[in-house]
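A.B. asks: Please find one structure pasted underneath; my questions will follow.
Residue numbers (the working numbering): 1154 to 1473.
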């Protein structure tokens, strides 16, 4: 079995394992396929269950033969799953506290996701004019898009460090000389080389990076880290409007959906009495949250030789 076949099988297996939790569907969906694909004892496996699994699998199978083979493998995995479910039920594992807790947690997650998808689905799609305007207003992402090869030093935020690093680059000092200074001050740091495209850099920082010429450096100061970045080289790699518009549409759809969900949850919080108990009782002065959870915001990780996520690590959603 090739590595790609192994990954394919693992994808099917992983998707199949969650089917029992996610295949409940919407009771109002009257037109779902109820054709039976197989029977395991007295239990039926429906064609729609196979379709639900395959819809979650990333595959390039486009020919009827490949699609049929994929569906067959999914069915076999669902048969294995049903056999395991029956054995678990016979052994009363479905009554154990751990399993019941996991089922309830999965049920809550599925219902919450369904509600958020309902809110997001009501958001109108951006118009053609809005898409073209976004393209025109962000040349650094499209018509002037570049691929950046950078050298970085990442230091935990500390008083005076950012200013001193700026003084070093202002006087033409190299990154190597900056590392010598940091070591002399016993300041721990990570660093390395990385390659990033324009869309892998947050928009609020892209303007600074885009303005650099090859060989120039900049210090990026954030609440958690200080990054000294040197642009070692770059190359132009433009994206045409025709290629960019579908990506821009998906990005704006995701962005507006996130905003709509956040606004809705904020309103629900305002209208609901929420009481924190025990160790979770809120202090008089609540510290600012430092964790962001955003499923639709993929993070572009630095190259393997950079150990720390830098200020540049979070890119533009949907434009990769």
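C-beta: ideal position from N, C-alpha, C; glycine also.
With a Cβ-Cβ cutoff of 8 Å, do residue 1324 and residue 1379 count as a contact?
C.D. replies: Going by C-beta atoms, residue 1324 is not nearer than 8 Å to residue 1379.
A.B. asks: Spatial neighbours of residue 1448 within its chain, please: C-beta separation below 8 Å, excluding the five flanking residues on both sides.
C.D. replies: With a pLDDT of only 36 at residue 1448, under the threshold of 50, the placement of this residue in the model should not be trusted; the figure read from the coordinates follows. Around residue 1448: no qualifying Cβ.
A.B. asks: Tell me which same chain residues have a C-beta within less than 6 Å of the C-beta of residue 1269, skipping the five on either side of it?
C.D. replies: Same-chain partners within the cutoff: 1414.
A.B. asks: So is residue 1245 buried or exposed if we call it buried at 16+ other beta carbons inside 10 Å?
C.D. replies: Exposed, because fewer than 16 other Cβ atoms sit within 10 Å of the Cβ of residue 1245.
A.B. asks: According to the neighbour-count rule (16 or more other Cβ atoms, all chains shown, within 10 Å of its Cβ), is residue 1433 buried or exposed?
C.D. replies: When all chains shown are included, residue 1433 counts as exposed.
A.B. asks: Nearest to residue 1369 by CA position, among 1304, 1191 and 1308, is which residue?
C.D. replies: It is 1304 whose Cα lies nearest to the Cα of residue 1369.
A.B. asks: Express the C-alpha separation of residue 1209 and residue 1191 in angstroms, rounding to a whole number.
C.D. replies: If I take the Cα positions, the gap works out to 21 Å.
A.B. asks: Distance, Cα to Cα, residue 1206 vs residue 1332?
C.D. replies: Near 51 Å, if we compare the C-alpha coordinates of residue 1332 and residue 1206.
A.B. asks: If you draw a straight line from the alpha carbon of residue 1352 to that of residue 1291, how long is it in whole angstroms?
C.D. replies: Distance between the alpha carbons of residue 1352 and residue 1291 is about 11 Å.
A.B. asks: Does residue 1337 pass the burial test, meaning 16 or more other C-beta atoms within 10 Å, or should it be called exposed?
C.D. replies: With fewer than 16 Cβ atoms within 10 Å of its Cβ, residue 1337 is classed as exposed.
A.B. asks: Would you list, in sequence order, the uninterrupted beta strand (DSSP E) runs of no fewer than 3 residues that lie entirely inside the stretch 1201-1238?
C.D. replies: For the stretch 1201-1238, not a single whole beta strand (DSSP E) run of length 3 or above is found.
A.B. asks: What residues in its chain sit with their C-beta under 6 Å from that of residue 1374, if we drop five residues either side in the sequence?
C.D. replies: Result list for residue 1374: 1315, in chain order.
A.B. asks: What do you get for residue 1282, buried or exposed, if any count of 16 or more other CB atoms within 10 angstroms of its CB means buried?
C.D. replies: When all chains shown are included, residue 1282 counts as exposed.
A.B. asks: Taking the alpha-carbon of residue 1399 as reference, which of 1232, 1285 and 1237 has the nearest alpha-carbon?
C.D. replies: Ranking 1232, 1285 and 1237 by Cα distance to residue 1399 puts 1285 first.
A.B. asks: What separation, rounded to the nearest whole angstrom, lies between the Cα atoms of residue 1247 and residue 1220?
C.D. replies: Each residue's alpha carbon lies about 34 Å from the other.
A.B. asks: Check for me: the beta strand (DSSP E) holding residue 1383 runs from which residue to which?
C.D. replies: First-last of the beta strand (DSSP E) with residue 1383: 1378-1389.
A.B. asks: If we require 4 or more residues per run, which alpha helix (DSSP H) segments fall completely within the stretch 1331-1378?
C.D. replies: Here the runs fully enclosed are 1356-1363.
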